[in-house]
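Numbering (the numbering used here), first residue to last: 153 to 197.
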């Protein structure tokens, strides 16, 4: 039995998931600003 342990780490966030999270943050910020101004938020790109 080995006295050392090894863990395989994989990247948790791919480039596509990072891009989607950035787009999501931008859209949510836009919706919050629109709601603060009393407008209906525009969803979509």
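Positions of the beta carbon are idealized from the N, C-alpha and C atoms, including for glycine.
In three-state DSSP terms, what is residue i?
i: residue 167; result: helix
i: residue 182; result: helix
i: residue 176; result: helix
Please return the same chain residues whose Cβ sits closer than 8 Å to the Cβ of residue i, not counting the five positions on each side in sequence.
i: residue 192; result: 186
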